[in-house]
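FYI, my numbering numbers position 128 of the sequence shown as 300, with every residue one higher than the one before it. C-beta: ideal position from N, C-alpha, C; glycine also. The structure presented is a predicted model; accordingly, all values stated were derived computationally and were not measured.
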Amino acid sequence: MIKNIKQILKRFHLFSMAKKSYHFLTKAKKNIYNRLFPTAKIILYHRIANPENDPHLLSVSPENLYLQLKFLKENFSIVPLVQIVRWIRGRKLKNKTVAITFDDGYADNLHHALPILKELNIPATVFVTAGNIVSGKSFYWDVETPEADRGRPMTGEELKKLANCHLIEIGAHTMSHPKLKKISQEEQEKEIQQSKEILEKVIGMPLLSFAYPFGGLDSFDNETINLVKKSGFHYACANIHERVTNRSDIYALPRYVIRNWNLEKFKEEFNKFI
Ligand SMILES: [Zn+2]
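Now the structure itself:
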């Protein structure tokens, strides 16, 4: 009987040793892997509002934005987009880093998102569709949305205010938000080049970054990338759901779209971003 107990304990002890070694090795393997292949994440918001109807699922409520960003701030290093680009150039990307971006240029980016970004001291890049800043007209995908639920583009004055905050980088997002790959080279060039010139004039600063409208692989190609480079942009964002690595193309940076998730759902989705 005693012999049996001893044997069991011995076996148990060995079992726990094996378990400890296994965990140690798994952790070491993960550390080595992370060091060899560091990754970062770039996330993408559109509207920051709480409309009753949101047919394109573009809105995140200010409450959820606050909780999502606070969680990221507490658990990751949030850096300006340009920092991620610098790291990629030097093959020195850092793990557990995140960059925040907003697309289209909705006025609520200034009125709802900026106060939260300021409170949490978080940098962000806002990609603006220049044609709507000039015309003041609703974005074409919003025209069918009831007016009470529709977000409006920023005015020139609002854009200037946003750009003057040290936390914000303004980038271009074409003139009229077309699928660039589907239009002629001349039209693409005009969309890209003009948006840069107009936005630079409005904010009085040079623009370094660009985001392809829609951003999927069906919305831009190498010809588009060459035109973006030719127009003087230093880097560009796509909308491909992948992590950033040291091998990422700085003219097609991958991003994850964020929806109006509460904190629990956000954590769950964010962990799934691979
Ligand atoms: Zn867009």
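Status (buried if at least 16 other CB within 10 Å, exposed otherwise) for residue i
i, result
"Leu399", "buried"
"Asp314", "buried"
"Tyr312", "exposed"
"Gln365", "buried"
"His228", "exposed"
"Leu286", "buried"
"Pro210", "buried"
"His121", "Since the first and last residues shown for the chain are 173 and 446, residue 121 lies out of range."
"Pro378", "exposed"
"Lys368", "buried"
"Arg219", "buried"
"Ile446", "exposed"
"Asn432", "buried"
"Ser231", "buried"
"Gln240", "buried"
"Leu462", "A query on residue 462 cannot be resolved here, the shown segment of the chain reaching from 173 to 446 and no further."
"Glu151", "The structure shown does not extend to residue 151, since the chain spans only 173 to 446, so no value can be given for it."
"Gly308", "exposed"
"Leu389", "exposed"
Residue i, DSSP secondary structure in three states
i, result
"Phe243", "helix"
"Ile422", "coil"
"Thr417", "strand"
"Asp393", "coil"
"Leu208", "helix"
"Arg263", "coil"
"Phe248", "coil"
"Ile412", "coil"
"Lys444", "helix"
"Leu292", "helix"
"Phe405", "coil"
"Ile430", "coil"
"Ala221", "coil"
"Lys527", "A question about residue 527 goes unanswered here, because the residues of the chain that appear run from 173 up to 446."
"Leu216", "strand"
Backbone CA spacing between residue i and residue j [nearest angstrom]
i, j, result
"Arg415", "Tyr217", "16 Å"
"Val484", "Lys192", "It is not possible to answer for residue 484, since the shown part of the chain is limited to 173 through 446."
"Met326", "Met347", "14 Å"
"Glu436", "Leu331", "33 Å"
"Ala200", "Asn443", "20 Å"
"Asp421", "Arg427", "12 Å"
"Phe438", "Ser233", "13 Å"
"Glu341", "Pro318", "31 Å"
"Asp276", "Leu197", "46 Å"
"Lys213", "Pro295", "14 Å"
"Ser391", "Asn225", "27 Å"
"Glu440", "Cys409", "24 Å"
"Ala320", "Ala221", "12 Å"
"Phe382", "Arg263", "22 Å"
"Gln255", "Asn281", "22 Å"
"Gln360", "Thr396", "7 Å"
"Asn304", "Lys402", "24 Å"
"Lys290", "Gly376", "22 Å"
Ligand 1 heavy atom lying under 7 Å from the CB of residue i
i, result
"His228", "no"
"His345", "yes"
"Pro325", "no"
"Asp314", "no"
"Pro385", "yes"
"Asp276", "yes"
"His349", "yes"
Contact with chain D by residue i, beta-carbon distance below 8 Å
i, result
"Lys213", "Protein chain content of the structure displayed is limited to a single chain, and chain D is not contained in it."
Exercise. Unbroken beta strand (DSSP E) runs of length 3 or more, entirely within the segment 310-391: which are they?
Worked result: 340-344 and 381-383
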